[in-house]
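Below is one structure, written out as structure tokens, with a few remarks after it.
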Amino acid sequence: MGMSTGSGGARRSRRGRSRRAPMSEINVTPMVDVMLVLLIIFMVAAPMLTVGVPIELPKTQAKALNSEQQPITISVNAQGQVYINETEIAVEEVVPKLEQIAKTGYQERIFVKGDRTADYGTVMQVMGRINAAGFKNIGLVTDQDTKAL
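Sequential numbering of the sequence shown, starting at 116, is according to my numbering.
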């Protein structure tokens with residue numbers, strides 16, 4: 116019932132605050148929680164980052180090609196709009212744009228993707244212009260047919 120003046124409890128300084136030794140342990144659990152949340156966010160968001168022209172490609176039984184360099188892709192969507200990679204251009208501008216790219220030293224294959232419902236004439240017009248400009252290494256892009264015989 117009296118006051119004790121012994122060494123029981125934490126030592127107090129003059130100002131009344133207790134002196135404690137610095138904590139030398141790190142609580143890792145909150146950091147792991149944050150990392151797991153970030154991992155889930157990136158796993159969900161990564162597939163959404165693939166951007167391109169929405170085209171429904173025809174199906175074939177051909178195998179996929181391997182390429183080391185990013186190819187030039189010319190796309191024709193269902194409305195007949197023409198794109199180089201993801202940039203929309205007029206049909207008349209295809210050859211000048213490709214010639215500008217060729218001046219930088221690009222010598223790989225040029226891929227042409229045509230929507231399944233796109234006008235065949237528009238796709239052939241684009242391919243004809245590319246061929247007439249002197250680009251001979253042209254490939255058509257299709258999806259693999261999963262219902263092959």
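We put the beta carbon where it would ideally sit given N, CA and C, even for glycine.
- Rounded to whole angstroms, residue 235 and residue 161 show a C-alpha spacing of 34 Å.
- Residue 238 is positioned such that its CB atom lies closer than 9 Å to that of residue 227.
- At least 9 Å separates the beta-carbon of residue 233 from that of residue 156.
- Between the beta-carbon of residue 225 and that of residue 253 there is about 5 Å, and that keeps the pair under the 8 Å contact cut.
- For residue 141, no beta strand (DSSP E) segment is defined, and its DSSP state is neither H nor E.
- Closest in C-alpha terms to residue 190, from the list 246, 231, 219, 138, comes 231.
- A residue is called buried when at least 16 other Cβ atoms come within 10 angstroms of its Cβ; residue 143 does not meet this threshold and is exposed.
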